[in-house]
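S.K.:
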Amino acid sequence: MHLKDKVALVTGAAQGIGKAFAQALLEKGCKVALLDLNAELGKESKDAFDNQFDAQRTIFIPCDVSNEEKLKDAFKKVDIHFGKLDIVVNNAGVNNEKNWEITIQINLISVIRGTYIGLEYMKTQNGRNGGVIVNVASLAGLMPAAFQPVYCASKHGVVGFTRSVAMVAAIANYGVRINTICPAFVNTSILQSIEKEENMGPYVGYKEEIKDMMKFYGVLDPTLIAKGLIQILEDDSLNGTVMKITTNQGIHFHDYNPVPFQTEKQ
Ligand SMILES: NC(=O)c1ccc[n+]([C@@H]2O[C@H](COP(=O)([O-])OP(=O)(O)OC[C@H]3O[C@@H](n4cnc5c(N)ncnc54)[C@H](O)[C@@H]3O)[C@@H](O)[C@H]2O)c1
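Heads up: the sequence shown at position 242 corresponds to 241 in numbering that gives the first Met the number 0, and the numbers run straight through without jumps.
1. Express the C-alpha separation of GLY217 and LYS83 in angstroms, rounding to a whole number.
2. Between ALA168 and the rest of its own chain, which residues show a CB-CB distance below 6 Å, the 5 nearest in sequence each way excluded?
3. Can you have a look at TYR173 and say buried or exposed, based on whether 16 or more other CB atoms are within 10 angstroms of its CB?
4. Measuring only the C-alpha atoms, how far is LYS27 from ASP53?
5. Can you check DSSP and say which residues form a bridge with CYS181?
6. To the nearest angstrom, how far is it from the Cα of GLY239 to the Cα of ARG162?
7. On the three-pair Cβ rule with 8 Å, is the stretch 196-207 touching the stretch 86-104?
8. Starting from THR57, follow its DSSP beta bridges and name the residues at the other end.
9. Determine whether the beta carbon atoms of ILE132 and VAL87 lie at a separation below 7 Å.
10. Give me the DSSP bridge partner(s) of THR10.
11. Does the stretch 7-14 come into contact with the stretch 34-51, if we say contact requires no fewer than three beta-carbon pairs (one atom in each stretch) closer than 8 Å?
12. Whose C-beta lies closer than 8 Å to the C-beta of MET212 among residues of the same chain, with five residues either side of it excluded?
13. Do three or more CB pairs link the stretch 122-137 to the stretch 226-235 at distances below 8 Å?
14. For ligand 1, any of its heavy atoms closer than 6 Å to the Cβ of GLY92?
15. ILE16: beta carbon under 6 Å from a heavy atom of ligand 1?
16. Tell me whether the beta-carbon of VAL149 lies closer than 7 Å to the beta-carbon of THR102.
17. Between LYS30 and the rest of its own chain, which residues show a CB-CB distance below 6 Å, the 5 nearest in sequence each way excluded?
18. So ASN256 packs on ASP220, CB below 8 Å; how close in whole Å?
19. For PHE160, which residues of its own chain have a beta-carbon under 8 Å away from its beta-carbon, when the five flanking residues on both sides are left out?
20. Less than 7 Å between C-beta atoms, sequence neighbours within five positions excluded: which residues of the same chain meet that for LYS18?
21. Let me check one thing: in DSSP terms, what residues is HIS251 bridge-paired to?
22. Using CA coordinates, which residue listed in ASN90, ILE60, GLU196, PHE74 is at the minimum distance from ILE180?
23. For a test of the three-state rule: what should DSSP assign to GLU263, helix, strand or coil?
24. Check whether the Cβ atoms of VAL158 and GLY140 lie closer than 7 Å to each other.
25. Identify the continuous beta strand (DSSP E) that holds VAL164 and give its terminal residues.
26. In the DSSP assignment, find the alpha helix (DSSP H) that holds ILE86 and state where it starts and stops.
27. Within the present structure, is the beta-carbon of GLY11 separated from the nearest heavy atom of ligand 1 by less than 6 Å?
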């Protein structure tokens with residue numbers, strides 16, 4: 000996909016990886032809708048982008064992605080405001096092992112919902128121009144994470160859902176490519192959640208073990224994850240892929256054995 004003048008919707012865009020995604024998309028000439036629960040940080044991010052780019056190229060929409068109506072409204076607003084939708088990045092996520100149901104709700108259910116709503120606005124069967132959806136999982140979507148079992152389950156769900164719906168998209172000719180990004184640890188505020196009982200619940204006593212894992216794996220800069228996003232968006236051959244981003248191997252793809260009837264490139 001040639002990115003200039005494309006319209007992208009990014010969830011969780013007020014800070015961290017989502018903000019880095021928005022920055023990279025704006026640098027490529029996209030128009031970007033920034034969705035986030037945190038209205039204060041969202042407005043701050045929009046102001047910061049307005050100092051670098053034409054203010055018309057971004058819109059901030061306060062939105063809790065776990066609220067079905069609010070999420071649908073936000074997509075509608077973006078479509079009306081910019082006149083189309085080309086790219087959806089389902090990025091918003093939390094780490095909460097105490098109120099673990101919200102982790103499934105935000106990290107998995109809302110990603111599924113964001114994908115299905117995105118398809119309605121982009122698939123060619125609806126008279127739309129096609130597009131790309133990128134769902135943010137984690138390396139914890141491919142391997143166990145001892146002190147974050149529910150986070151790990153939510154991210155495994157994102158990987159399985161995204162690979163599967165990408166196959167449907169290819170078979171049914173939606174004109175929409177759908178891929179997953181699985182980063183290792185990234186330097187964002189979510190990492191601070193490992194210190195807090197309200198996030199870690201029964202596992203809060205294991206923060207030193209998690210810090211040791213961070214030392215072992217290293218901590219990535221969000222700009223590298225944004226580089227991975229741009230690679231997926233620009234390479235029209237990628238559908239159903241699982242991009243891994245780690246300190247020792249950088250941006251690379253997870254290998255899977257071919258499955259029968261597979262139509263996507265791995
Ligand atoms: N930082 C890491 O180490 C890491 C590693 C792998 C994957 N990820 C994933 O990357 C994504 C982005 O995380 P991050 O590291 O930038 O964290 P972050 O905490 O810096 O940013 C997450 C953003 O999502 C927003 N958000 C949370 N719940 C929301 C909701 N219900 N509705 C709308 N917005 C909501 C937050 O307000 C925040 O702005 C998440 O899906 C996370 O699981 C992070």
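C-beta atoms are modelled at their ideal positions from N, C-alpha and C, and glycine is treated no differently.
M.R.: Looking at the coordinates:
1. 39 Å
2. VAL175, ILE177
3. buried
4. 13 Å
5. LYS243
6. 5 Å
7. yes
8. VAL31
9. yes
10. LEU34
11. yes
12. PHE184
13. yes
14. yes
15. yes
16. yes
17. VAL6, ARG56, PHE81
18. The pair is not a contact, with the Cβ atoms about 33 Å apart (cut-off 8 Å).
19. LEU107, VAL110, ILE111, THR114, ASN134
20. ALA12, SER44
21. LYS243
22. ASN90
23. Confidence is the limiting factor: at GLU263 the pLDDT is only 49, short of 50, which leaves the residue's position unreliable, though a coordinate-based value still follows. Here GLU263 sits in coil by DSSP.
24. yes
25. No beta strand (DSSP E) holds VAL164; the alpha helix (DSSP H) holding it covers 148-170.
26. Not the alpha helix (DSSP H): ILE86 falls in the beta strand (DSSP E), residues 86-89.
27. yes
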